[in-house]
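The opening position of the sequence shown corresponds to residue 3 in this note's numbering, with each subsequent residue numbered one higher. Contents: one structure, followed by commentary.
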Amino acid sequence: MQIFGVDIGGSGIKGAPVDLERGELVTERFKVLTPHPATPEAVADGVKEVVGHFGWTGPVGVTFPGVVTGGSTIRTAANVDRSWIDTDARALFGRRLGGLPVTLLNDADAAGVAEMRYGAGRDRDGTVIVLTLGTGIGSALFVDGTLVPNTELGHLELNGHDAEKRASTKAKEDHELTWERWANRVQKYLAHVEMLFSPELFVIGGGVSRKSEKFLPLIEGIKAEIVPAQLQNNAGIVGAAMRAAQAA
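Below you can see the structure in the form of structure tokens.
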């Protein structure tokens, strides 16, 4: 079964058809830059461009980098324009895509469900936390395989700041941190999350998971197992397609 998934991030909007038997993209994904300002109408145009690139005419799963309630309403917008708050995003995307069936969920939750089914969290019980390090820090919390949605652990306070302002990939780039200095920040963040939730497993995702060998071995003192995401930066697309398939 093939379903289309779109992953909206703070820097890019990417998508592709997904083979849900294997949990893999059918073809190379297509990506456009996230507009600035990232207003609802501008982002919807980007989603339309990504879906239209493939001539897709079936159900579409879409992720959003913020809290999504009721499968439609946006409640937070840390890395996009604040005009998103209280927007019925599912209806907006449905209109822009010409009436195609649209399913919506938080971006990190999408990445998490994909990793739990096809990737590093497969067959893992207990408490598992999937973290996506990118423009911000997304989080997906699972207890015995069940998702606790919209956790937003990237906004925990770390040294007087939102954690994602200190330990995201963007923070590494903005402050020109070495892998060693950045790994130290990630370590402090993981220690804080571990103190609160005592997970058995951390899965580290986002684009930087492709370079996990550069920073994960530098992280010390964490009791939980720490592994890179197996689906890497495609996890959000796969998870979005999974949710759309469930709705269909």
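Heads up, the beta-carbon is just placed ideally off N, CA and C, and yes, glycines get one too.
Label residue i either buried or exposed according to how many other C-beta atoms from any shown protein chain fall within 10 Å of its C-beta, with 16 as the threshold for buried.
i, result
"E222", "exposed"
"T65", "buried"
"R245", "buried"
"S200", "exposed"
"E215", "exposed"
"D253", "The chain is shown from 3 up to 250; residue 253 falls before or after that span and cannot be answered."
"A93", "exposed"
"P67", "buried"
"E154", "buried"
"V145", "exposed"
"A40", "buried"
"N161", "exposed"
"D127", "exposed"
"A250", "exposed"
Helix, strand or coil: which one does DSSP assign to residue i?
i, result
"K225", "coil"
"F204", "strand"
"A40", "coil"
"A247", "helix"
"G239", "Note on identity: in this sequence residue 239 is Ile, with Gly being the wrong assignment. Helix, per DSSP."
"T180", "coil"
"E175", "helix"
"D47", "helix"
"F32", "strand"
"L160", "strand"
"V52", "helix"
"L149", "strand"
Looking at the strands, I want to know which residues DSSP matches up with residue i.
i, result
"Q232", "Bridge partners of Q232: none, in fact."
"T134", "G140, G207"
"G7", "A18, G63"
"N108", "F66"
"F199", "F199 pairs with nothing; no bridge assigned."
"E26", "D21"
"T75", "T71, D90"
What distance in whole Å lies between the Cβ atoms of residue j and residue i, which are believed to be in contact at a cut-off of 8 Å?
i, j, result
"V45", "V34", "Between V34 and V45 the Cβ distance is about 10 Å, and since that is not below 8 Å, they are no contact."
"I239", "D9", "5 Å"
"A193", "I224", "6 Å"
"H177", "A165", "With a Cβ gap of about 14 Å, H177 and A165 do not count as contacting."
"T137", "G17", "Their Cβ separation, rounded to whole angstroms, is 17 Å, which puts T137 and G17 out of contact at 8 Å."
"L135", "G208", "4 Å"
"W86", "A79", "4 Å"
Would you check if the distance between the CB atom of residue i and the CB atom of residue j is smaller than 9 Å?
i, j, result
"G63", "T105", "yes"
"T36", "G48", "yes"
"G241", "V70", "no"
"F204", "L133", "yes"
"L107", "P151", "yes"
"N236", "L99", "no"
"I5", "P61", "yes"
"R24", "Y120", "yes"
"A113", "A91", "no"
"A197", "L149", "Reading the sequence as shown, one finds Met at residue 197 and not Ala. Not closer than 9 Å, so no."
"R168", "R187", "yes"
"T171", "V210", "yes"
"D88", "R77", "yes"
"Q189", "A122", "no"
For chain B, is any of its Cβ atoms less than 9 Å away from the one on residue i?
i, result
"R77", "No chain B appears in this structure, which consists of one protein chain only."
Cβ-heavy atom distance between residue i and the ligand COA below 8 Å?
i, result
"A249", "Only the bare structure without any ligand can be found here, which leaves the ligand COA out of the picture."
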